[in-house]
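Notes follow once the structure below has been shown.
2 protein chains.
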Amino acid sequence: MITIYDIAEKSGFAAGTVSKALNNYYGVNSETKRKILEVARQMGYTPNANARALKARHSYNLGVLFYLRDSLDLTQHFFIEILNEFKRVTEAHDYDITMLSKGKDLGAEAFVKHCRIRQLDGVLIFGDYSSDLVQELMRSEIPCVGFDYLGNLIPGVMSDNYEKTKQLVLKLIEMGHERILFLTGEDNFVTEERKRGYADAFRQAGKERLACVRACYSNPDLCNEMTAKLYPELRPTAILFPDDFSAIGGMNALRQLGLSVPDDVSVASFDGSIFSQLTSPRLTCVYQDVKKIGTALAEKLIRMIEEGDDNKDLITVEAEIRMTESCRSIR
Amino acid sequence: MITIYDIAEKSGFAAGTVSKALNNYYGVNSETKRKILEVARQMGYTPNANARALKARHSYNLGVLFYLRDSLDLTQHFFIEILNEFKRVTEAHDYDITMLSKGKDLGAEAFVKHCRIRQLDGVLIFGDYSSDLVQELMRSEIPCVGFDYLGNLIPGVMSDNYEKTKQLVLKLIEMGHERILFLTGEDNFVTEERKRGYADAFRQAGKERLACVRACYSNPDLCNEMTAKLYPELRPTAILFPDDFSAIGGMNALRQLGLSVPDDVSVASFDGSIFSQLTSPRLTCVYQDVKKIGTALAEKLIRMIEEGDDNKDLITVEAEIRMTESCRSIR
DNA sequence: AAACATTAGGAAACCGATTTCAAAAAAGAC
DNA sequence: GTCTTTTTTGAAATCGGTTTCCTAATGTTT
Chain Y
16 MITIYDIAEK
26 SGFAAGTVSK
36 ALNNYYGVNS
46 ETKRKILEVA
56 RQMGYTPNAN
66 ARALKARHSY
76 NLGVLFYLRD
86 SLDLTQHFFI
96 EILNEFKRVT
106 EAHDYDITML
116 SKGKDLGAEA
126 FVKHCRIRQL
136 DGVLIFGDYS
146 SDLVQELMRS
156 EIPCVGFDYL
166 GNLIPGVMSD
176 NYEKTKQLVL
186 KLIEMGHERI
196 LFLTGEDNFV
206 TEERKRGYAD
216 AFRQAGKERL
226 ACVRACYSNP
236 DLCNEMTAKL
246 YPELRPTAIL
256 FPDDFSAIGG
266 MNALRQLGLS
276 VPDDVSVASF
286 DGSIFSQLTS
296 PRLTCVYQDV
306 KKIGTALAEK
316 LIRMIEEGDD
326 NKDLITVEAE
336 IRMTESCRSI
346 R
Chain F
16 MITIYDIAEK
26 SGFAAGTVSK
36 ALNNYYGVNS
46 ETKRKILEVA
56 RQMGYTPNAN
66 ARALKARHSY
76 NLGVLFYLRD
86 SLDLTQHFFI
96 EILNEFKRVT
106 EAHDYDITML
116 SKGKDLGAEA
126 FVKHCRIRQL
136 DGVLIFGDYS
146 SDLVQELMRS
156 EIPCVGFDYL
166 GNLIPGVMSD
176 NYEKTKQLVL
186 KLIEMGHERI
196 LFLTGEDNFV
206 TEERKRGYAD
216 AFRQAGKERL
226 ACVRACYSNP
236 DLCNEMTAKL
246 YPELRPTAIL
256 FPDDFSAIGG
266 MNALRQLGLS
276 VPDDVSVASF
286 DGSIFSQLTS
296 PRLTCVYQDV
306 KKIGTALAEK
316 LIRMIEEGDD
326 NKDLITVEAE
336 IRMTESCRSI
346 R
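Chains as they are written, first to last, in my numbering: chain Y, 16 to 346; chain F, 16 to 346.
Structure representation (structure tokens):
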């Protein structure tokens, strides 16, 4: 492996000077820099990130944590789309991404420890923010941003769930739907916002609301079951599902009941991930802009790391209502 | 930050001894070890992975590379499921996972360089193995394993695609299907195996085969289009799609043509990812065992790194034919 | 009791960078 | 031509571990 010492020897300059030249420091003659860079190129120099991290006390490495209530893993398609965008942006700033994990560590500090061991510069969290493990990380000195986090421990990025839910429900009401059933995800910041939106839409329209019933995110089977059970009881004309994935389960249940979407029941969901485009009819949904979200998360985290930005205000990203085939006016 | 020097000072032993105690080296008195470990615990010692990597010349860090022809990103659900399992296994062996990328680097060595810079111990590849960038990596000194790779540069892990495709087609033939259309993915090792299986099934059954037509992996829109175009021409009684995701597109096309699955056309696909369970009717498929695949990839890579295993034979993982609602006998 | 083998622990070099500080060289001022 | 200022460069310390080699201490054999 070629080191700066090899370059120093061959070029006739000292290692320190080589380092400065390589890093574009002020105070290196441009002719010297040219020579050093040329020698480095010739010899096929590869910097050693670990050596750099050791001395510089940061690693140019970011952690990504998936720690969700029901699935501890990566298999959440919607989050992966955000991560993909996050990666694109951070990569352009020379950061790498490492998956965070508890490893063999037990105890509430597992994630924090992992970050310290690897000297991670910051962390992107997709998490169950009420868990001790995630709380511990958020309270640590390590810069963190959280998707769908609302609170004052770290800055969060979130779609304007309240506003868009309200608008969607108002639209449905306008279309003649009054019996709108909202199957929600498990209780968290996002669910809360959406429920407020749902309630306020009815309030604003001066109509009686039907029901919010707690289901679960990313669980088509549960939504299938609950839809099968609740439809006969409540006779909704429209159903809001917690996400596209769950909506697929729900729609299958409706089909099994002999109902047609959207002729008998209108259906809408949240996220607008790839799943929502594969159903037939296509799903009406509150589309969360994964690109904007990923970019916002990345840029905020980098600002925190590089500029010491310590503002923890929520960053809201505008979502978009996509009215498609799965909803019909019943006037 | 607490270092081994802090522990050395407080415990009265030398730093070298502390290191040995912490790493369970031979030649440290058990009482000494106990004391040192106790002091380390008290002081809240966190090792520094970068310092260790620098001296030890390896990082306990593995790279994962997604470099596919049509999508350079993470949004391939099926691969994510494998990665998830890979992570579970490697984590238990104290390895971390870093996403590989080209970063700003141009040139064919981009990935190799990235590995060297981070001193990655090995790499898991999901790739277009014909691309220069991936080839360069496979030819390097860095231990690599590849999912769906067949060749002699690195060991690959693959489902028994030939065998299971053949069995599936034979089963369909038994069910009375003779006009079986196979929409394949783009040309690669896997596609080749499956096409062989398709051909041999017909050969074995002594029947005339209909057609293999090249489509694309993970592209529901293309499969939708091609199905719409080819169905009227070829009038298949069964269609094999390149993967679940694509099959969804194909089934939508069939529905648009006014055809029912499985009453008018039987449908099957490969992978058996989460997508295949969400369609209605459920998809018959060659299920690839993501857990076994992820485990095989992880264990092989770790053996290569830790034991110098340099056997490059293909590792075949048994797939499973899941006959469900989307196929019907037409006798 | 002498000779030898084994074990425990310490000192120091090393991994490959970064960064500070001082010296040397060049440029500018008078 | 001397003195001051600025620019370049190098030497050396440092980051936090690992590992080799050596000495001292203890245990075993005869």
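From the three backbone atoms N, C-alpha and C, an ideal C-beta is built for every residue, glycine too.
According to DSSP, is residue i part of a helix, a strand, or is it coil?
i: threonine 294 (chain Y); result: coil
i: glutamate 178 (chain Y); result: helix
i: alanine 123 (chain Y); result: coil
i: asparagine 299 (chain Y); result: Looking at the sequence provided, one finds threonine at residue 299 (chain Y) rather than asparagine. Three-state result, threonine 299 (chain Y): strand.
i: leucine 89 (chain F); result: Because the pLDDT at leucine 89 (chain F) is just 48, under 50, the model does not fix this residue reliably, and the point stays unresolved.
i: glycine 31 (chain F); result: helix
i: methionine 153 (chain F); result: helix
i: serine 325 (chain Y); result: Before going on, a small fix: residue 325 (chain Y) reads as aspartate here, not serine. Three-state DSSP puts aspartate 325 (chain Y) in coil, outside helix and strand.
i: cysteine 342 (chain F); result: coil
i: glycine 137 (chain F); result: strand
i: leucine 52 (chain Y); result: helix
i: tyrosine 15 (chain Y); result: This structure leaves residue 15 (chain Y) out entirely; chain Y is present only between 16 and 346.
i: glycine 171 (chain Y); result: strand
i: glycine 309 (chain F); result: helix
i: threonine 18 (chain Y); result: coil
i: arginine 5 (chain Y); result: Here chain Y comprises residues numbered 16 to 346, so residue 5 (chain Y) is not present and cannot be evaluated.
i: leucine 165 (chain Y); result: coil
i: aspartate 147 (chain F); result: helix
i: lysine 102 (chain Y); result: helix
i: leucine 77 (chain Y); result: strand
i: threonine 47 (chain F); result: helix
Apply the 10 Å Cβ neighbour rule to residue i and answer buried if 16 or more other Cβ atoms are within range, or exposed otherwise.
i: glutamate 208 (chain F); result: buried
i: leucine 272 (chain Y); result: exposed
i: asparagine 267 (chain F); result: buried
i: proline 247 (chain Y); result: exposed
i: valine 138 (chain F); result: buried
i: asparagine 38 (chain F); result: exposed
i: glutamate 96 (chain F); result: buried
i: tyrosine 144 (chain F); result: buried
i: glutamine 303 (chain F); result: buried
i: leucine 77 (chain F); result: buried
i: methionine 153 (chain F); result: buried
i: glutamate 46 (chain F); result: exposed
i: serine 291 (chain F); result: buried
i: leucine 255 (chain F); result: buried
If you draw a straight line from the C-alpha of residue i to the C-alpha of residue j, how long is it?
i: lysine 222 (chain F); j: arginine 133 (chain F); result: 55 Å
i: alanine 55 (chain F); j: glycine 171 (chain F); result: 42 Å
i: threonine 310 (chain Y); j: alanine 23 (chain Y); result: 40 Å
i: leucine 98 (chain F); j: cysteine 159 (chain F); result: 14 Å
i: aspartate 88 (chain Y); j: glycine 27 (chain F); result: Legend: pLDDT at aspartate 88 (chain Y) = 49, less than 50; position of this residue unreliable, no value from coordinates given.
i: lysine 179 (chain F); j: isoleucine 336 (chain F); result: 7 Å
i: lysine 327 (chain F); j: arginine 318 (chain F); result: 12 Å
i: alanine 125 (chain Y); j: arginine 131 (chain Y); result: 10 Å
i: glutamate 257 (chain F); j: arginine 211 (chain F); result: According to the sequence displayed, residue 257 (chain F) carries proline and not glutamate. Rounded to whole angstroms, proline 257 (chain F) to arginine 211 (chain F) spans 14 Å at the Cα level.
i: serine 341 (chain F); j: lysine 186 (chain F); result: 14 Å
i: aspartate 147 (chain F); j: valine 79 (chain F); result: 17 Å
i: isoleucine 112 (chain Y); j: isoleucine 320 (chain Y); result: 15 Å
i: threonine 199 (chain Y); j: threonine 206 (chain Y); result: 7 Å
i: alanine 323 (chain Y); j: tyrosine 213 (chain F); result: Correcting the residue type first, residue 323 (chain Y) is glycine in the shown sequence and not alanine. Their backbone Cα atoms lie some 60 Å apart in a straight line.
i: histidine 73 (chain Y); j: aspartate 136 (chain Y); result: 6 Å
i: alanine 71 (chain Y); j: glycine 118 (chain F); result: 21 Å
i: methionine 173 (chain F); j: glutamate 53 (chain F); result: 47 Å
Using a Cβ cut-off of 8 Å, which residues of the stretch 130-156 of chain F contact any Cβ in chain Y, in chain order? For the stretch 130-156 of chain F, which is checked against every Cβ of chain Y, the residues closer than 8 Å are Arg131, Ile132, Arg133 and Gln134.
Could you name the residues of the stretch 252-266 of chain Y whose beta carbon sits closer than 7 Å to any beta carbon of chain F, in the order they occur along the chain? Flagged, chain order: Ile263.
Quick one: which unbroken beta strand (DSSP E) runs of 3-plus residues sit fully inside the stretch 261-294 of chain Y? Chain order, please. 281-286
What residue ranges within the stretch 186-271 of chain F form continuous beta strand (DSSP E) runs of no fewer than 3 residues, ordered along the chain? 195-199, 226-229 and 253-255
If contact means a Cβ-Cβ distance below 8 Å, which residues of the stretch 50-64 of chain F contact chain Y? Thr61, Pro62, Asn63 and Ala64
Taking a cut of 7 Å between CB atoms, which residues from the stretch 205-219 of chain F lie near chain Y? none
With 7 Å as the C-beta to C-beta threshold (strictly closer), list the residues of the stretch 265-280 of chain F near chain Y in chain order. Asn267 and Arg270
Residues in the stretch 111-124 of chain F with C-beta within 7 Å of chain Y's C-beta atoms, listed in sequence order? Asp111, Ile112, Thr113, Met114, Ser116 and Gly118
Within 9 Å of chain Y by C-beta, residues of the stretch 281-295 of chain F in sequence order: Going along the stretch 281-295 of chain F in chain order, one finds Ile289, Phe290, Gln292, Leu293, Thr294 and Ser295 with a Cβ nearer than 9 Å to chain Y.
Could you name the residues of the stretch 221-240 of chain F whose beta carbon sits closer than 8 Å to any beta carbon of chain Y, in the order they occur along the chain? Taking 8 Å as the Cβ-Cβ cut-off against chain Y, the residues of the stretch 221-240 of chain F that qualify are Pro235.
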